[in-house]
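For the record, in the sequence shown the residue sitting at position 715 is 712 according to this note's numbering, with numbers rising by one throughout. First comes the structure, then the notes that go with it.
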Amino acid sequence: MLFRRRTLALLLLASFSFCSFPGVGIAKKVKKKDYVPPVKLLQAFALKNEKITIDGRLDEPVWKKAAVTDHFIQQDPNEGKPATEKTDVRVAYDHDAIYVGVYAYDSHPDKIRGLLTRRDQDSPSDWVHISFDSYADKRTAFEFAVNPAGIKQDALWSDDTNRDENWDAVWDVATRIVSDGWIAEFRIPLSQLRFSNDSKKDWGFQVMRQINRNNEVDFWKHVPKDASAMVSLFGKLNGIHNLSSPRHIQVMPYWVALEEAAPKEKGNPFRTGRNFDSRIGGDLKYGVTSNLTLDLTINPDFGQVEADPSELNISAFESFFEEKRPFFVEGNNIFNYSIGIGDGDLGSETLFYSRRIGRSPHYYPNVPDGGFVDQPQQTSILGAGKLTGKTARGFSIGILEAVSREEKARIHSAGQEFREPVEPLTNYFVGRVQKDFRNGRTTIGGLITHVYRDIPTENLNFLNRRAVTGGLDLNHRWSEDHFFLNAKLMGSYVSGDAEAIREVQLSSARYFQRPDANYISYNPDRTSLGGFAASLFGGKMAGGNWRYGFFSLIRSPGFETNDIGFMRNADWIIAGLWGGYNQFKPGKIFRQYNLNYNGWHVANFGADRLSLGGNVNGFFQFLNYWNIRGNVNWETDQLDISLLRGGPAVKLPDHFNTNFGFNSDERKAISGGFNINYNFDGKGTRRLFFGPKINLRPSGRFNMSMFLGLNPSLDKRQYVDEIQDENGTHYILGELNRKTVFIVTRLNYTITPDLSIQFYGQPFFTAGSYSNFREVVNPREDRYDNRFQAYNYGGSPDFNFKQFRSNLVVRWEYSPGSILFLVWSQGRTSYENRGQFDFRRDFSTLFDVRSDNVFLLKINKWFSY
-2 MLFRRRTLAL
8 LLLASFSFCS
18 FPGVGIAKKV
28 KKKDYVPPVK
38 LLQAFALKNE
48 KITIDGRLDE
58 PVWKKAAVTD
68 HFIQQDPNEG
78 KPATEKTDVR
88 VAYDHDAIYV
98 GVYAYDSHPD
108 KIRGLLTRRD
118 QDSPSDWVHI
128 SFDSYADKRT
138 AFEFAVNPAG
148 IKQDALWSDD
158 TNRDENWDAV
168 WDVATRIVSD
178 GWIAEFRIPL
188 SQLRFSNDSK
198 KDWGFQVMRQ
208 INRNNEVDFW
218 KHVPKDASAM
228 VSLFGKLNGI
238 HNLSSPRHIQ
248 VMPYWVALEE
258 AAPKEKGNPF
268 RTGRNFDSRI
278 GGDLKYGVTS
288 NLTLDLTINP
298 DFGQVEADPS
308 ELNISAFESF
318 FEEKRPFFVE
328 GNNIFNYSIG
338 IGDGDLGSET
348 LFYSRRIGRS
358 PHYYPNVPDG
368 GFVDQPQQTS
378 ILGAGKLTGK
388 TARGFSIGIL
398 EAVSREEKAR
408 IHSAGQEFRE
418 PVEPLTNYFV
428 GRVQKDFRNG
438 RTTIGGLITH
448 VYRDIPTENL
458 NFLNRRAVTG
468 GLDLNHRWSE
478 DHFFLNAKLM
488 GSYVSGDAEA
498 IREVQLSSAR
508 YFQRPDANYI
518 SYNPDRTSLG
528 GFAASLFGGK
538 MAGGNWRYGF
548 FSLIRSPGFE
558 TNDIGFMRNA
568 DWIIAGLWGG
578 YNQFKPGKIF
588 RQYNLNYNGW
598 HVANFGADRL
608 SLGGNVNGFF
618 QFLNYWNIRG
628 NVNWETDQLD
638 ISLLRGGPAV
648 KLPDHFNTNF
658 GFNSDERKAI
668 SGGFNINYNF
678 DGKGTRRLFF
688 GPKINLRPSG
698 RFNMSMFLGL
708 NPSLDKRQYV
718 DEIQDENGTH
728 YILGELNRKT
738 VFIVTRLNYT
748 ITPDLSIQFY
758 GQPFFTAGSY
768 SNFREVVNPR
778 EDRYDNRFQA
788 YNYGGSPDFN
798 FKQFRSNLVV
808 RWEYSPGSIL
818 FLVWSQGRTS
828 YENRGQFDFR
838 RDFSTLFDVR
848 SDNVFLLKIN
858 KWFSY
């Protein structure tokens, strides 16, 4: 049943992908009004029997035969003016690859800068970027970049402006510094690109050059600072004809050996001090057609991935962590489907959150007294596959399928060992399709997800057996791409045992059990739940100095995405306006700046006003490239429906937040900055965050960064407990005095462009003491003090949590696409039930704790057929 085809979902995708849209006729009617930017053209040279050696010399005769283009235009620092240095670009191709020769002239070759870093890491260097819109859709592009030291970068552009730096391709480049500049010679295999076989189409093409000492950014085809587009502004690459479909197969098997070294625990058969393991797996990439790619992974391993930052979350809501696993980040822009607003916490909410696949098990077993448990830390992924690409008719397609295995904890008690399921066998499916109109300036699309869990035992009945979400979206730009409209309509449906649907109803996303929520009802016997959501955004996003628009978002109480998505709150109705002023032309003090305003109103489906707020923020860059930023936020008429974790909503005092930050010029050997944030209300709650940082580059091979976080806070209304007695339910709050300190350190040493060493380390300390316990008695009373009364609470929720996490990674790309990793990961954790914070003592205590260590060797080999 688990592997049964979701016929309905696939039929919807197929019909959406291959039907004819009446909107094409509409596009023809408005064609005369569509903005067509001026064209810049380069003729590609077709190789016959000529050979090009990638050595950074450009001395083959073909480079003299190929057409040359130059005349770059500055975007920074003097927009619209000719580049300060000449750049010549030539392009040639054969049936296997595209070749690009860039001669970056420089009148001061001694000042050319190329720092050695790990691949894909940005640095204050000179750079040359080349990009191909090989689909010729004005929305998708493949970017390849190099600095004079030969450090590579590559990225995938989607939706015109979204740049995915996690995409990795296998390609070759050579650089050379010469007496009058530097040279970059590229070879891009056609197997790494996706393109239509239509020989009549010109490819989009762009070249960008960065001259570090001038902080100069030059484009071959000019991109204005106030543009809201990128790929659609590319120039044209003409003359690429008769390319065959590169249906190459790329295979990358891997082998991992690891040893876990941890302190022994007396009597615990699972903590014997050392454990050795090895495993194999692999990835496969197949070019189904010239524009569709199938990626498969079997038994994937992500041991080289950096650890998540430490935290102690005492809020009602789940923390969001970024995806870092290569299979799920590379080229996955097609699956992006935001259900939020902006770039804060709400901006991270999405229908597809890939961290759900292979997550930590949901269940932790009840261990008998004197017993021991070996709990899996992550769920193993048996296999995953994704089909992505774009058809010749303008349909972008993404299909992802993954299966994670059933996980069991081993339990040892009274001399016996037994196993208990902690995570079921689970199948995940995501399907995405978008259709382009008007050269990509209008898109219509949809996404559907499906999760199925094969629940083996009653202890896992609290998990949804099935979860389906879907959405339709419209993106529209007009008036030279200055204005935009984005609309989405979404739905969800979950089903399972009544215990599972009770968990959904009681979750922090909706709290159906709230006693004052008379517009929703908690039903413990339900076996399914459905909901809907919608959003509408629009406004002016480019052109001139002024920006403005509106935003709105609605989520019904039953809307649920967290089986495969990420969402903190349902039951929301949000509406707001925004506006801003941008100045891109340098003045007497500032090189550029912007000022913005946002205002919003939040309510729920019970017509309760949850918040009325606003924000003023600004960014100012000085002529020396230092910058400052700041904002002021305020929220009034607040009603918090989550403070009591299912209790009645509580009226809160007005809240204010201020933030100020500073950064120096990051091109310098020593740079840094700080950020300071202060939150407060009129009733004593206050939170301060101070975060200084420093970046050091003592040489072209080594760089170090340190970020210090200091976070003292006093929360007058921290949730503590819910107590039931003969007098009813008592919701207990406490005054939490908390101090948090952490330090994030990163070290990078690059020996060659293919061999590097990286270190990440974070010690984290937090302690909190509770006092002045109070019971909520009149949660919506106008007078603040009448909402609470003193309560004699006998518990002791004080805490002192300390943790250290680190990764040391040696990465060697011993041949193109083939990598060897050596990894040492370390972790230490200490928890005490006391609230006093003493950095010296806590630091000593943490590093007196014996560490858990993992030593890993991973080697993979790339084959191309």
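Yeah, the Cβ is synthetic: ideal placement off N, Cα and C, and Gly gets one too.
Any non-hydrogen atom of the ligand GDP within 8 Å of residue i CB
i      : result
Arg523 : Summarising the ligand content, the structure contains no ligands, and the ligand GDP is consequently not present.
Contacting residues, own chain, Cβ-Cβ under 7 Å from residue i (five flanking each side not counted)
i      : result
Asn542 : Tyr578, Asn579 and Gln580
Leu5   : The predicted position of Leu5 is uncertain, since its pLDDT is 35 and thus under 50; a value taken from the coordinates is nonetheless stated next. None.
Ser793 : Asn830
Phe563 : Phe317, Ser345, Glu346, Thr347 and Tyr350
Gln721 : none
Lys222 : Gln72, Glu76 and Phe581
Neighbourhood of residue i by C-beta, 8 Å cutoff - its chain only, sequence neighbours within 5 removed
i      : result
Leu636 : Asp605, Arg606, Leu607, Ser608, Ala646, Val647, Lys648, Leu649 and Arg777
Val65  : Asp85, Val86 and Arg87
Gln374 : Ser357
Arg588 : Pro74, Gln618, Phe619, Leu620 and Tyr622
Gly615 : Tyr590, Asn591, Leu592, Asn593, Arg626, Gly627 and Asn628
Span separating the alpha-carbon of residue i from that of residue j
i      : j      : result
Gly706 : Gly658 : 14 Å
Phe369 : Gln755 : 36 Å
Pro297 : Lys282 : 14 Å
Ala600 : Leu343 : 15 Å
Arg511 : Gly731 : 21 Å
Ile95  : Pro186 : 6 Å
Leu379 : Tyr251 : 15 Å
Asp513 : Asn520 : 16 Å
Lys122 : Lys61  : Contrary to the premise, residue 122 reads as Ser rather than Lys in this sequence. Cα to Cα, Ser122 sits roughly 29 Å from Lys61.
Asp215 : Arg664 : 17 Å
Thr376 : Thr290 : 27 Å
Ile338 : Leu486 : 15 Å
Asn672 : Asp662 : 16 Å
Gln413 : Gly814 : 48 Å
Ile945 : Phe273 : What the structure shows of the chain is the stretch from -2 to 862, and residue 945 is not part of that stretch, so it cannot be assessed.
Ala41  : Val448 : 47 Å
Opening and closing residue of the alpha helix (DSSP H) in which residue i lies
i      : result
Glu500 : Ala495 to Leu503
Phe324 : Pro323 to Val326
Leu843 : Phe836 to Asp845
Lys48  : Looking at the DSSP string, Lys48 is not in any alpha helix (DSSP H), and its letter there is neither H nor E.
Val99  : Element bounds for Val99: not the alpha helix (DSSP H) but the beta strand (DSSP E), Ala94 to Tyr102.
Trp179 : Counting along the chain, Trp179 falls outside any alpha helix (DSSP H), though it belongs to the beta strand (DSSP E) covering Gly178 to Pro186.
Val59  : Val59 to Lys62
Cβ neighbours of residue i in the same chain (closer than 6 Å, five flanking residues each side left out)
i      : result
Thr826 : Gln800
Val613 : Tyr594 and Val629
Arg271 : Ala258
Arg438 : Arg474
Pro760 : Ile740 and Phe801
Pro260 : Arg847
Asn676 : Asn654 and Arg684
Ala254 : Ser275 and Leu854
Where the beta strand (DSSP E) through residue i begins and ends
i      : result
Tyr334 : Looking at the DSSP string, Tyr334 is not in any beta strand (DSSP E), and its letter there is neither H nor E.
Ser532 : Ser525 to Lys537
Arg507 : Premise fails: Arg507 is in no beta strand (DSSP E) and is neither H nor E.
Met487 : Phe480 to Ser492
Phe202 : Trp200 to Ile208
Tyr828 : Ser815 to Glu829
Could you tell me which whole beta strand (DSSP E) segments of length 3 or greater appear in the region 424 to 458? Runs of the beta strand (DSSP E) inside the region 424 to 458: 439 to 451.
When you compare the region 309 to 321 with the region 386 to 400, are there three or more beta-carbon pairs, one atom per stretch, that lie closer than 8 Å? no
Examine the Cβ distances between the region 525 to 541 and the region 486 to 499 and report whether three or more of them are shorter than 8 Å. yes
The region 330 to 338 touching the region 151 to 164, judged by at least three CB pairs closer than 8 Å: yes
Ignoring anything shorter than 4 residues or poking outside the region 746 to 801, list the alpha helix (DSSP H) runs there in chain order. none
Just list the alpha helix (DSSP H) runs in the region 238 to 310, keeping only unbroken ones of 4 residues or longer that don't cross its boundaries, in chain order. none
Mind listing, in chain order, the continuous beta strand (DSSP E) runs of no fewer than 3 residues lying wholly within the region 655 to 698? Here the runs fully enclosed are 667 to 678 and 683 to 693.
Answer yes if the region 838 to 858 comes into contact with the region 156 to 172, meaning at least three C-beta pairs across the two stretches below 8 Å, and no otherwise. no
Does the contact criterion of 3 or more C-beta pairs under 8 Å hold for the region 681 to 700 versus the region 740 to 752? Pairwise C-beta distances place the region 681 to 700 in contact with the region 740 to 752, as three or more of them are shorter than 8 Å.
Just list the beta strand (DSSP E) runs in the region 562 to 612, keeping only unbroken ones of 3 residues or longer that don't cross its boundaries, in chain order. 569 to 580 and 587 to 600
Report yes or no: do three or more beta-carbon pairs, one from the region 127 to 142 and one from the region 102 to 115, lie closer than 8 Å? no
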